[in-house]
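Each number in my numbering corresponds to the 1-based position in the sequence shown with 26 added. First comes the structure, then the notes that go with it.
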Amino acid sequence: MNISSDGLTLTLDEPLTYTHLGITLNLNATSIDIRGEVGLLSHNIIFQGSITDTWTETIPACPDGFNPDEFAVQTCYFGRYGEEIGSDQFGATIMVSQDMTTANGTQQAILRLSNVEITYVGQAFRLSRYPINFQINGNMSMSYIKSSSVHLSFNRAINIEASNYITVENNVLYNIMGEAMSLEDGVEIGNAFKNNLVVFVRSSSSLLNEEITPAAFWLTNPNNTVENNAVAGSTHYGYWYRLLNTASGASFALYPNYSPYIQPFGRFYNNSVHSSVRFGVWIYPQYSPTINGNPSPPQAVFDGIVSWKNSKGFEWVKSNAIQIRNALAFDNNYAGISCITAFDYQNRWISSILGNGSSVVDSVIIGDTGVSSNPIIPSIAGLVGRQML
Numbered sequence: 027m028n029i030s031s032d033g034l035t036l037t038l039d040e041p042l043t044y045t046h047l048g049i050t051l052n053l054n055a056t057s058i059d060i061r062g063e064v065g066l067l068s069h070n071i072i073f074q075g076s077i078t079d080t081w082t083e084t085i086p087a088c089p090d091g092f093n094p095d096e097f098a099v100q101t102c103y104f105g106r107y108g109e110e111i112g113s114d115q116f117g118a119t120i121m122v123s124q125d126m127t128t129a130n131g132t133q134q135a136i137l138r139l140s141n142v143e144i145t146y147v148g149q150a151f152r153l154s155r156y157p158i159n160f161q162i163n164g165n166m167s168m169s170y171i172k173s174s175s176v177h178l179s180f181n182r183a184i185n186i187e188a189s190n191y192i193t194v195e196n197n198v199l200y201n202i203m204g205e206a207m208s209l210e211d212g213v214e215i216g217n218a219f220k221n222n223l224v225v226f227v228r229s230s231s232s233l234l235n236e237e238i239t240p241a242a243f244w245l246t247n248p249n250n251t252v253e254n255n256a257v258a259g260s261t262h263y264g265y266w267y268r269l270l271n272t273a274s275g276a277s278f279a280l281y282p283n284y285s286p287y288i289q290p291f292g293r294f295y296n297n298s299v300h301s302s303v304r305f306g307v308w309i310y311p312q313y314s315p316t317i318n319g320n321p322s323p324p325q326a327v328f329d330g331i332v333s334w335k336n337s338k339g340f341e342w343v344k345s346n347a348i349q350i351r352n353a354l355a356f357d358n359n360y361a362g363i364s365c366i367t368a369f370d371y372q373n374r375w376i377s378s379i380l381g382n383g384s385s386v387v388d389s390v391i392i393g394d395t396g397v398s399s400n401p402i403i404p405s406i407a408g409l410v411g412r413q414m415l
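In structure tokens:
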């Protein structure tokens with residue numbers, strides 16, 4: 027392999043082992059670049075954990091392959107997908123925490139990272155030992171993570187717990203065990219995830235149950251901004267809005283009456299996702315947005331999603347007032363866009379409340395573009411609606 031003098035071009039001297047699409051598709055007068063994403067991992071400032079060489083070894087891959095189902099029987103303990111290189115899984119961490127009871131509205135703890143490489147980080151089998159962890163801070167509007175990278179993490183990447191108004195922008199995350207971008211307790215609002223690239227998020231059996239089926243963006247509160255991000259390759263999900271009836275973790279005691287699943291919607295705009303083994307975007311188990319208790323709020327608009335080569339491109343479950351706008355979903359195995367049941371914020375059928383029902387508008391769904399050697403089953407690859415109201 028040769029690298030050009032300007033560092034922008036790689037010339038291969040032998041074929042690649044697997045098929046890689048390096049083309050641009052023209053779909054419905056829209057040009058879509060489906061060439062591989064390129065992200066910068068190296069930076070002059072490096073934050074790195076200590077690598078214990080005695081633990082490093084090559085482990086034969088599990089011969090039975092990979093099954094993404096959380097209920098599947100696991101046939102291998104070692105050599106599971108993405109774990110062919112053994113290590114002690116004990117990396118470095120950055121924790122940001124302030125005492126909200128004494129802050130009096132001031133931000134006593136501030137984290138500002140720019141152009142930093144963060145690698146060999148996170149600690150498996152340990153709670154809250156994430157590469158970057160904002161832990162129960164309240165307002166953190168003066169903090170940001172920009173133009174940096176996190177790679178080779180053993181326990182998530184950027185975790186935000188009970189902390190608000192943080193900017194996470196122009197970062198590259200690669201080879202992450204468990205969730206990459208994570209909102210932990212469901213009370214986090216006003217955080218902005220913009221222009222980030224997340225590549226190769228993989229399942230882990232050494233963390234919490236949810237890490238068995240991780241997402242590149244694990245979003246437990248809808249009132250945040252997710253804009254111009256790209257996800258490439260996840261063992262399970264790209265963007266998962268996991269909205270529960272109550273807050274979780276330490277925030278359950280702090281906010282016992284808080285319900286994440288009825289919070290106002292923030293912003294989801296111009297994001298892309300491909301090659302997720304399960305769903306590109308998933309709203310589950312429920313979402314019913316309200317504003318000041320109003321049961322007929324404006325729709326939560328998911329605008330401009332491009333989703334391809336996932337099991338399903340976009341699916342929402344037991345939710346209402348969802349609008350998919352300007353979406354492009356193609357080459358997804360089982361559905362481009364799917365809706366399963368619709369309820370209002372009090373878990374009632376909304377067949378008579380068409381004004382705040384869900385809709386798919388100005389969108390294109392293509393079952394099979396023909397660019398892949400693996401054919402798509404056209405009978406189930408389009409728009410699937412079950413009780414879509």
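Each residue gets a CB set at the ideal place from its N, CA and C atoms; glycine is no exception. All values reported here derive from a predicted model rather than from experimental measurement.
So, for LYS172: in the same chain, excluding its five sequence neighbours on each side, which residues have a beta-carbon less than 6 Å away from its beta-carbon? Within the sequence shown, the letter at position 146 stands for residue 172. The residues are SER140, GLU195 and ASN196.
Whole angstroms is fine: what's the gap from TYR263's alpha carbon to PHE305's? As a working mapping, residue 263 is identified with position 237 in the sequence shown. As a working mapping, residue 305 is identified with position 279 in the sequence shown. Straight through space, the alpha carbons of PHE305 and TYR263 are spaced by roughly 5 Å.
Quick one: which unbroken alpha helix (DSSP H) runs of 4-plus residues sit fully inside the segment 132-188? Chain order, please. Segments of the alpha helix (DSSP H) lying fully in the segment 132-188: there are none.
Is the segment 237-257 touching the segment 265-274 in the sense that three or more CB pairs, one from each, lie closer than 8 Å? The segment 265-274 is in contact with the segment 237-257.
Residue environment, TYR44, which counts as buried when at least 16 other CB atoms sit within 10 Å: As a position in the sequence shown, residue 44 is number 18, starting the count at 1. Exposed is the call here.
Give me the Cβ distance between SER314 and TYR287, rounded to the nearest whole Å; I'm assuming they're in contact under 8 Å. Against the sequence shown, residue 314 aligns to sequence position 288. Against the sequence shown, residue 287 aligns to sequence position 261. Yes, SER314 and TYR287 are in contact; Cβ-Cβ is about 6 Å, under 8 Å.
Residues in the same chain with beta-carbon distance under 6 Å from ILE144, minus the five sequence neighbours each way, listed in chain order, please. Residue 144 sits at position 118 when you count from the first residue of the sequence shown. So the qualifying residues of the chain are PHE73, PRO157 and VAL176.
Between VAL303 and GLU63, how many whole angstroms is the CB-CB distance? I'm expecting something under 8 Å. Residue 303 sits at position 277 when you count from the first residue of the sequence shown. Residue 63 sits at position 37 when you count from the first residue of the sequence shown. So it is not a contact: roughly 17 Å between Cβ atoms.
Taking the beta strand (DSSP E) that SER302 falls in, what are its first and last residues? Taking the sequence shown and counting its residues from 1, the one referred to as residue 302 is at position 276. 298-302 is the span of the beta strand (DSSP E), which, as asked, contains SER302.
Report all residues from its chain with a CB closer than 8 Å to the CB of LEU38; omit the five preceding and five following residues, and keep chain order. Locating residue 38 in the sequence shown gives position 12, counting from the first residue. Non-local beta-carbon contacts of LEU38 in its own chain, meaning distances under 8 Å to residues more than five positions away in sequence, involve MET27 in chain order.
Using the C-alpha atoms, what's the distance from LEU178 back to TYR146? In the sequence shown, the residue the question calls residue 146 occupies position 120. In the sequence shown, the residue the question calls residue 178 occupies position 152. Distance between TYR146 and LEU178, taken at the CA atoms: about 5 Å.
Taking all protein chains shown into account, do 16 or more other C-beta atoms lie within 10 angstroms of the C-beta of ALA354, making it buried, or fewer, making it exposed? As a position in the sequence shown, residue 354 is number 328, starting the count at 1. One point to set straight first is that residue 354 is Leu, not Ala, in the sequence displayed. By the neighbour-count rule (16 or more Cβ atoms within 10 Å), LEU354 is buried.
What is the C-beta distance between ALA273 and ASP211, in whole angstroms, given that I count them as a contact (C-beta under 8 Å)? Residue mapping note: residue 273 aligns to position 247 of the sequence shown, counting from 1. Residue mapping note: residue 211 aligns to position 185 of the sequence shown, counting from 1. Rounded, the Cβ-Cβ distance is 5 Å, consistent with contact.
With DSSP as the reference, label SER277 as helix, strand or coil. Reading the sequence shown from its first residue, position 251 is the one you call residue 277. Helix.
Is it the case that the segment 354-364 contacts the segment 391-398, given that we only count it when at least three CB pairs across the two stretches are under 8 Å? Verdict: yes, contact present.
Measuring straight from C-alpha to C-alpha, what distance separates ALA118 and ILE29? Taking the sequence shown and counting its residues from 1, the one referred to as residue 118 is at position 92. Taking the sequence shown and counting its residues from 1, the one referred to as residue 29 is at position 3. If you draw a straight line from the Cα of ALA118 to the Cα of ILE29, it is about 32 Å long.
Rounded to whole angstroms, what's the CA-CA distance from VAL213 to THR316? Just pull it up for me. By 1-based counting over the sequence shown, the position of residue 213 is 187. By 1-based counting over the sequence shown, the position of residue 316 is 290. In a straight line, the C-alpha of VAL213 is about 15 Å away from that of THR316.
For ASN235, the three-state DSSP class (helix, strand or coil): Here the question's residue 235 lines up with position 209 in the sequence shown. ASN235: helix per DSSP, three-state reduction.
Taking a contact to mean a Cβ-Cβ separation below 7 Å, would you say GLN349 touches VAL332 in this structure? Position 323 of the sequence shown, counting from 1, holds the residue named residue 349. Position 306 of the sequence shown, counting from 1, holds the residue named residue 332. If you check the CB distance, GLN349 and VAL332 do not come in under 7 Å.
Please state the DSSP three-state secondary structure of ILE288. Position 262 of the sequence shown, counted from the start, is the residue given in the question as residue 288. Correct three-state label for ILE288: helix.
What residue does the beta strand (DSSP E) around ILE363 start on, and which one ends it? On the sequence shown, residue 363 is found 337 positions in, with the first residue counted as 1. Looking at the DSSP string, the run of the beta strand (DSSP E) that includes ILE363 is 361-366.
Ordered along the chain, which non-local residues of its own chain (more than five positions away) have a Cβ less than 8 Å from that of PRO401? The residue given as residue 401 occupies position 375 in the sequence shown. For PRO401, where only same-chain residues beyond five positions count, the Cβ hits under 8 Å are ASP394.
Please report the distance separating the alpha-carbon of GLN149 from that of SER68. Position 123 of the sequence shown, counting from 1, holds the residue named residue 149. Position 42 of the sequence shown, counting from 1, holds the residue named residue 68. About 22 Å.
Do you know offhand how far ALA183's Cα is from SER208's? As a working note, residue 183 is residue 157 in the sequence shown. As a working note, residue 208 is residue 182 in the sequence shown. Using only the alpha carbons, I get a separation of about 8 Å.
Does any CB atom of chain C fall closer than 7 Å to the CB of SER57? In the structure shown, chain C does not exist; there is a single protein chain.
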